[in-house]
Amino acid sequence: MDIFKPVYTEQNDCQDCYKCIRECQLKAIKVINNAAQILHEDCIYCGICTQVCPVKAKKVRNDLTRVKSLLKRNNKVIVSLAPSYMSEFPNLKDEQLVAAIKELGFAHVSETALGAELVSQKVNTFLEEKQSGIYISSACPSVVEMICKHFPQYKDHITPFLSPLLTHCKMLKQEYGEDYKIVFIGPCIAKKAESDAFGDLLEASLSFKDLAEWFNEEGLEPDLFYESDTESGFVPRRAGKGSLYPIDGGMIAGIKNNASTTDAVFMTFSGISSINDVLKDLNYYRKPGLLFLELLACEGGCVNGPGTKKTYSRALKRLEIINRSEEEVVGYQADFSILRNFDNIDVAHKPEHPETKIKEALNMIGKYSDKDEINCGGCGYNSCREFAKAYLEDKSEPNMCVSYMRKIAHDKSTALLGKIPSGVLIVNEDLKVVEANQSFARIMGEEMEQLFDTIPGLKDADLKKIAPFYKLFSSVLSTGEDNLERDFRLGNKMLHLSLFTIQRNKIVGAILRDMSQPFIQQEEVINRAKAVNQKNLETVQKIAYLLGENASETEDMLNSIVEFYTLAEEKN
1 MDIFKPVYTE
11 QNDCQDCYKC
21 IRECQLKAIK
31 VINNAAQILH
41 EDCIYCGICT
51 QVCPVKAKKV
61 RNDLTRVKSL
71 LKRNNKVIVS
81 LAPSYMSEFP
91 NLKDEQLVAA
101 IKELGFAHVS
111 ETALGAELVS
121 QKVNTFLEEK
131 QSGIYISSAC
141 PSVVEMICKH
151 FPQYKDHITP
161 FLSPLLTHCK
171 MLKQEYGEDY
181 KIVFIGPCIA
191 KKAESDAFGD
201 LLEASLSFKD
211 LAEWFNEEGL
221 EPDLFYESDT
231 ESGFVPRRAG
241 KGSLYPIDGG
251 MIAGIKNNAS
261 TTDAVFMTFS
271 GISSINDVLK
281 DLNYYRKPGL
291 LFLELLACEG
301 GCVNGPGTKK
311 TYSRALKRLE
321 IINRSEEEVV
331 GYQADFSILR
341 NFDNIDVAHK
351 PEHPETKIKE
361 ALNMIGKYSD
371 KDEINCGGCG
381 YNSCREFAKA
391 YLEDKSEPNM
401 CVSYMRKIAH
411 DKSTALLGKI
421 PSGVLIVNED
431 LKVVEANQSF
441 ARIMGEEMEQ
451 LFDTIPGLKD
461 ADLKKIAPFY
471 KLFSSVLSTG
481 EDNLERDFRL
491 GNKMLHLSLF
501 TIQRNKIVGA
511 ILRDMSQPFI
521 QQEEVINRAK
531 AVNQKNLETV
541 QKIAYLLGEN
551 ASETEDMLNS
561 IVEFYTLAEE
571 KN
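Under UniProt numbering, the residues of the sequence shown are numbered 1 to 572, in order.
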């Protein structure tokens, strides 16, 4: 089921605004029955959709209950804490945060940055053995998913190592035993996909938001914990340069610190849009030597991940990481392999569509020529052709096209107004005509009909110049009155005008009827007879009520008089 995936849609909450499609660079979303759903075969779990959804219909799987259950069954659970904790809890001492986390029931707390340092060592050695080529960091799981699914031609360019988190999990299991379970806490949603794929290493993944919620539930205030001795701090030791991984260039700093890889070109990019631009043109790179790319899915790095608070700027978060990171790097000799391949991630299916099919899809939404393809982006896609391709892949629906739906609505209203025998007039706050039908022009006379032929719908005509009853519109616009009925004579015609508010103080509509028309006369006689009858009935009911009330009072008074005289006679 969709709800078991790292990111999913609460369909009952979705308001089909298409903002998630618009913001998703890889368009890993489809619309079914006006509700947006995640295309998990395309999704890289960057979490952008969960951040931009205005009604919070895009949700992150909550693994908090699962972790709480794990702690009840097992007291051997270690937290792998992402280095971006420094920017998430800037006012806490490390010992305070560790003590608060252990109070929740965890046996130990360790820094994920330790795994990052080992990855830096391995990548540095790997690059030194290469003479040339393009290599991409495997540190960000979202980027790995993006390359394997959407740019498979660069799959072999990913450095063949586990991510820092999975490497850290291996280190902890070697240090404390295979029976220990690892739970990650950090800013990243994609780590949930890693826990799904590597359940033997990583039990579950929580966000910093989950941790803050958990503290609140337990009534824990980390800043009230006393600073403990070093034995109750991070295990097995503090991290060094690996703490820089959550910011742009942090991994590169670690690699260069480990050895003398001086003849390689190192570059870093963050944000899906930037990475998309890098990868789509990467095949044009022809320079000799090594090129290493550190790519991070979140703009500004992990410190800006979807599982973090957004209380202050990326610049401040970056400074927190730089200022609190250790300079020294303690070498770690691993007797286990962190090599991996990426065959478990399938390529996203991208069918090719013949031009004839694309044209058919475009015609279906009223796009018959290049001029009709306005590429407004209202549907969430960058162009009308992109939308048409999505439709051919059952990812989109015709009613997502704003211009198409507007045209249908306009055509329907125009057809309806054209069939109404009564005159219809809609006016804005400036007394300019928004729309009028031909019946209105016909009722108003020959000159108005000629003007209607020149200006269809009398669009933007000044009501003051074309209608003697414009003051009635001014009155309704100023007062916001919902309904106003008036009879007036125009030449030899007796007309009836019904005004009503469409948008209070903004737009007023009116229905104009020629009372001399036989069918109007009959209808009006019936309606007015009904109105008179209703008023008579109401009057009779009021009289009956008053008479009934008066009769009741009279009866009470007479009864009291009879009772008085009866008592007087009995006394005599």
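Positions of the beta carbon are idealized from the N, C-alpha and C atoms, including for glycine.
Since this is a predicted model, take the numbers as computed values, not measurements.
Per DSSP, reduced to three states, the secondary structure at Gln37 is strand.
Between the region 239-257 and the region 83-92, the count of C-beta pairs closer than 8 Å reaches three or more; the two stretches touch. Taken atom to atom, the span from the alpha-carbon of Arg504 to that of Glu481 is near 8 Å.
Ile502 is classed as exposed because its beta carbon has fewer than 16 other beta carbons within 10 Å across all chains shown. Contact between Val235 and Ser383 does not hold, since their C-beta atoms are separated by about 53 Å, which reaches or exceeds 8 Å. With a cutoff of 8 Å on beta-carbon distance, Ser207 and Val31 are scored as not near each other.
Between Glu435 and Gly457, the gap from beta carbon to beta carbon is short of 8 Å. Contact between the region 372-388 and the region 16-25 is present: three or more C-beta pairs spanning the two stretches fall below 8 Å. With contacts defined as CB atoms closer than 8 Å, Ile272 and Gln121 fail to qualify as a contacting pair. Pairing Asn276 with Gly300, the inter-Cα distance amounts to about 16 Å.
Uninterrupted alpha helix (DSSP H) stretches at least 4 residues long and entirely within the region 424-499 occur at 438-444, 446-454, 463-466 and 470-479, given in chain order.
Judged by DSSP secondary structure, Ser207 falls within the beta strand (DSSP E) whose first and last residues are Ala204 to Ser207. Counting only runs that start and end inside the UniProt domain "4Fe-4S" (357-418), there is no beta strand (DSSP E) element of at least 3 residues.
Burial check for Arg318: the Cβ neighbour count within 10 Å reaches 16 or more, so the residue is buried. Of the candidates Gln131, Ser132, Lys130 and Ile147, Ile147 places its Cα closest to the Cα of Ser138.
Going by beta carbons, His168 and Ala348 fall outside the 8 Å limit.
Note that the C-beta distance between Leu279 and Ile134 is not below 8 Å. With a 10 Å radius around the Cβ and a threshold of 16 neighbouring Cβ atoms, Leu224 comes out exposed. Taking C-beta separations shorter than 7 Å and ignoring five residues to either side along the sequence, the partners of Asn341 in its chain run Pro160, following chain order. Classified as buried, Arg513 has 16 or more neighbouring CB atoms from the shown chains inside 10 Å of its CB. In the three-state DSSP reduction, Arg340 falls in the coil class, being neither helix nor strand.
At the C-beta level, Ala461 and Val424 stay beyond 8 Å of one another. DSSP places Thr9 outside any alpha helix (DSSP H); the residue lies instead in the beta strand (DSSP E), whose first and last residues are Val7 to Thr9. Per DSSP, Asp514 is not a residue of any alpha helix (DSSP H); the beta strand (DSSP E) it occupies stretches across Ile507 to Asp514. Secondary-structure assignment with DSSP links Leu291 through a beta bridge to Ile134 and Val265. Leaving aside the five residues that flank His40 on each side, the residues in its chain whose CB is nearer than 6 Å to its CB run, in chain order, Lys5.
Close CB contacts of Ala239 within its chain, under the 6 Å cut and outside five residues either way in sequence, are with Glu111, Ala113 and Leu114 (chain order). Here Gly254 is near Glu117, since their CB atoms are less than 8 Å apart.
Boundaries for Gly307: no beta strand (DSSP E) harbours it, and the DSSP string shows neither H nor E there. The beta carbon of Gly105 is closer than 7 Å to those of Leu71 in its chain, skipping five residues each way along the sequence. Contact between Asn344 and Ala204 does not hold, since their C-beta atoms are separated by about 19 Å, which reaches or exceeds 8 Å.
A direct Cα-to-Cα measurement between Asp394 and Leu201 gives close to 37 Å. The Cβ atoms of Ala107 and Leu220 lie no closer than 8 Å to each other. For Tyr284 and Gly250, the gap between their C-alpha atoms comes out near 26 Å. Residue pairing by DSSP places Gly186 opposite Ser207 in a beta bridge. Pairing Glu352 with Ala390, the inter-Cα distance amounts to about 11 Å.
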